[in-house]
Amino acid sequence: MDTISKISIIVPIYNVEKYLSKCIDSIVNQTYKHIEILLVNDGSTDNSEEICLAYAKKDSRIRYFKKENGGLSDARNYGISRAKGDYLAFIDSDDFIHSEFIQRLHEAIERENALVAVAGYDRVDASGHFLTAEPLPTNQAVLSGRNVCKKLLEADGHRFVVACNKLYKKELFEDFRFEKGKIHEDEYFTYRLLYELEKVAIVKECLYYYVDRENSITTSSMTDHRFHCLLEFQNERMDFYESRGDKELLLECYRSFLAFAVLFLGKYNHWLSKQQKKL
847 MDTISKISII VPIYNVEKYL SKCIDSIVNQ TYKHIEILLV NDGSTDNSEE ICLAYAKKDS
907 RIRYFKKENG GLSDARNYGI SRAKGDYLAF IDSDDFIHSE FIQRLHEAIE RENALVAVAG
967 YDRVDASGHF LTAEPLPTNQ AVLSGRNVCK KLLEADGHRF VVACNKLYKK ELFEDFRFEK
1027 GKIHEDEYFT YRLLYELEKV AIVKECLYYY VDRENSITTS SMTDHRFHCL LEFQNERMDF
1087 YESRGDKELL LECYRSFLAF AVLFLGKYNH WLSKQQKKL
């Protein structure tokens, strides 16, 4: 057993009692068994703690933690600091995963000698019914980190952005953490982590199930804070590529920024006018 890689699965939890059991069930039933499951309760006020404790009593691989609310990035970082595995995965507690999610990603990393593997995902509704497939937009088995960053700037680049459809070698996080206090934190995270990597392994199948639910960030309307976080992200990404002298990706960032301006400025102005009418 000592030769088998241990994988730490970090699950940040905040008031998701309706979805939590399905999420945990999908993790404990993975075909890859040499895992530890870190349930990080980020200050939930519902019955999430009771659900976690019940699962922890039944499965010795589960480690339960309770902390003050600090947001998704803070909960992920909390789990990273306590993880004992050779690999890390991050699963949002209102989502769930295919039974072979960990096994397939681990096999891809080992096969390609990569530091990260990524799979496609399906969007489902709150009842788990299929909505749309989001397969990765490539036919290759491996990409360089820079090429993934290039794809992040394409129309379907969101399929590479999310942190949760990936498996990571833990060594990547020795000096790297998620930025706290951000909306769309994965936008800030992914390009910085992947850019320098020689290889990112690709699993073409959709093995992660992303739950579209009311009041989530992706379905909520534009707000002042959300708009400024997105604007800050766009500027930081351009500065990142400029500092590395990557003129091609910098140009693509400018194009992406123009698309952002067209799409989100309209939404922001609509939100702003609604707020002004309330005054």
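With my numbering as the guide, the letters of the sequence shown map in order to residues 847 to 1125. By construction, the Cβ of each residue, glycine as well, lies at the ideal position given by its N, Cα and C atoms. Remember, predicted model here, so these are calculated numbers, not experimental data.
Please go through the same chain and pick out, in chain order, the residues whose beta-carbon is closer than 7 Å to the beta-carbon of residue i, but skip the five residues on each side of it.
| i | result |
| --- | --- |
| L1039 | L1018, F1022 |
| D848 | Annotation note: pLDDT 46 at D848 (below 50); position unreliable, no value reported. |
| C1010 | F936, I937, D938, D941, Y1054 |
| S894 | I859, N861, V862, E863, L866, N887 |
To which residues of the same chain is residue i closer than 8 Å at the C-beta, ignoring the five residues directly before and after it?
| i | result |
| --- | --- |
| Y1100 | M1084 |
| L1096 | M1084, Y1087, E1088 |
| I1063 | Below a pLDDT of 50, predicted positions are generally treated as unreliable, and I1063, at 41, falls in that range; the measurement from the model is reported next regardless. Contacts found: I1029, H1030, R1072. |
| E1025 | S919, E1031, Y1034, F1035 |
| S990 | L1043, E1044, K1045, V1046 |
| Q986 | I1048 |
What do you get for residue i, buried or exposed, if any count of 16 or more other CB atoms within 10 angstroms of its CB means buried?
| i | result |
| --- | --- |
| T1036 | buried |
| I850 | exposed |
| S1066 | Because S1066 sits at a pLDDT of 46, beneath the cut-off of 50, its placement in the model cannot be relied upon, and the following sentence gives the value as read from the coordinates. Under this definition S1066 is an exposed residue. |
| G974 | exposed |
| F1079 | buried |
| L998 | buried |
| E1033 | buried |
| A1105 | exposed |
| E823 | The question about residue 823 has no answer, for the chain in this structure spans 847 to 1125. |
| V994 | buried |
| Q876 | buried |
| L951 | buried |
Measure the C-alpha to C-alpha separation of residue i and residue j and round it to an integer number of angstroms.
| i | j | result |
| --- | --- | --- |
| A921 | K930 | 16 Å |
| L884 | E1020 | 18 Å |
| E1042 | V962 | 12 Å |
| G1003 | I948 | 22 Å |
| A1107 | K1016 | 36 Å |
| S1102 | A979 | 23 Å |
| G1027 | C1075 | 9 Å |
| Y901 | I881 | 15 Å |
| L1109 | R1005 | 19 Å |
| N923 | D1092 | 29 Å |
| R928 | F976 | 34 Å |
| L899 | Y910 | 7 Å |
| E946 | S906 | 20 Å |
| R992 | R1090 | 12 Å |
With which residues is residue i paired in a DSSP beta bridge?
| i | result |
| --- | --- |
| G966 | C1052 |
| I937 | DSSP, once it has assigned bridges, lists no residue as partnering I937. |
| V857 | L885 |
| F942 | Y1055 |
| K912 | N887 |
| A1047 | A963, V988 |
| F976 | V970 |
| K1012 | V964 |
Anyone know if the C-beta pair for residue i and residue j falls short of 9 Å?
| i | j | result |
| --- | --- | --- |
| Y860 | I943 | no |
| I908 | S867 | no |
| V1057 | V970 | yes |
| D968 | C1052 | yes |
| A965 | V1049 | yes |
| G889 | K913 | yes |
| L1013 | L934 | yes |
| Y865 | A972 | yes |
| I853 | D932 | yes |
| P983 | E1000 | yes |
| K996 | E1094 | yes |
Go through its chain and collect everything with a Cβ distance to residue i's Cβ below 6 Å, but skip five positions before and after it.
| i | result |
| --- | --- |
| D892 | N861, E863 |
| A1047 | A954, I955, E958, A960, A963, V988 |
| K1045 | E958, A960, V988 |
For chain B, find out if any of its Cβ atoms is closer than 9 Å to the Cβ of residue i; answer yes or no.
| i | result |
| --- | --- |
| P981 | The structure shown contains no chain B; it is built from a single protein chain. |
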